[in-house]
Amino acid sequence: MTSRLAALTRDDLNDPQKEVYDDITGGIRGSIQGPFNAWLRSPALANSAQKLGEFCRYHTTLGPRLSEIAILITARKYRAQVEWYLHSKIAMEAGHSQATIDAMLAGGRPDFAAAPDADVEKENMVHDYATELVADGRVSDDMHARALAIFGEQGVVELVGVIGYYHLVSLTLNAFNVPLPEGVEPPFAE
20 MTSRLAALTR DDLNDPQKEV YDDITGGIRG SIQGPFNAWL RSPALANSAQ
70 KLGEFCRYHT TLGPRLSEIA ILITARKYRA QVEWYLHSKI AMEAGHSQAT
120 IDAMLAGGRP DFAAAPDADV EKENMVHDYA TELVADGRVS DDMHARALAI
170 FGEQGVVELV GVIGYYHLVS LTLNAFNVPL PEGVEPPFAE
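As structure tokens, this is what we get:
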């Protein structure tokens, strides 16, 4: 797959683009990867998206272990190769097993109880809520009520925010054919 956009270096950028580039590379991410090369073509979009993304990835009340479940389910929905590749590694760092990640890749329900430090109720809830939401763009009243009972309003709003943000990421990666690193096998068959 050939990227539809040339890779930008800092020298290619105008002043507004450089400001966003510097914010991204000087922040918690430390580099430009994933959708950011595309988004830099619109500095205002890049700036807004990177701030939302930083919150969704690093600062929700869900924490990385739960967020990564929602992110991987969203990546699977769009068969977003780069998103899955990057976040399957992050999910492992957050404590998910390869078996859990493989089950999500196959579209199955992981056995979260197999992990010694799992919060099975919360992990199952994130999995089920995200799966239902990405399938239809809606969740049932029952699903929503169960999520509220576990996460509260703030947690559910943040869960939906994570899912929504990673829809944007996945669509950007797919629309612009952002390639996997050299030598990496695509997680989803082409």
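So the sequence shown is residues 20 to 209, counted in the working numbering. Glycine included, every Cβ here is placed at the ideal spot set by N, Cα and C.
Restricting to Cα atoms, I'd like to know which of the options is closest to residue i.
i, options, result
"N66", "D41, P205, R95 and T21", "D41"
"L187", "A57, P35, R84 and N33", "A57"
"S50", "A26, P35, T21 and D130", "A26"
"M144", "G180, D121, P135 and A168", "A168"
"P205", "V39, S107, Q52 and I47", "S107"
"Q36", "Q52, A125, L64 and E209", "L64"
"F170", "G156, E142, S189 and N193", "E142"
"E102", "P83, V179, E209 and Q52", "Q52"
Quick check: residue i and residue j, are their CB atoms within less than 8 Å of each other?
i, j, result
"F195", "R23", "yes"
"A94", "Y185", "yes"
"A113", "A133", "no"
"E201", "L81", "no"
"Y148", "V158", "yes"
"T191", "P62", "no"
"E73", "G45", "no"
"V203", "C75", "no"
"L59", "L32", "yes"
"H146", "P135", "no"
"L199", "Y77", "no"
"A125", "F131", "no"
Is residue i helix, strand or coil when you go by DSSP?
i, result
"H106", "helix"
"H163", "helix"
"Q52", "coil"
"P83", "helix"
"V197", "coil"
"N66", "helix"
"F207", "coil"
"A99", "coil"
"A93", "Residue identity differs from the one stated: residue 93 is Thr in this sequence, not Ala. Helix."
- Task: Inspect the CB distances between the stretch 88-99 and the stretch 150-158 and report whether three or more fall short of 8 Å.
- Result: yes
- Message: Check whether the stretch 63-79 and the stretch 95-102 are in contact - that is, three or more C-beta pairs closer than 8 Å.
- Response: no
- Item | Continuous alpha helix (DSSP H) assignments of at least 4 residues falling wholly in the stretch 135-160 | 139-155
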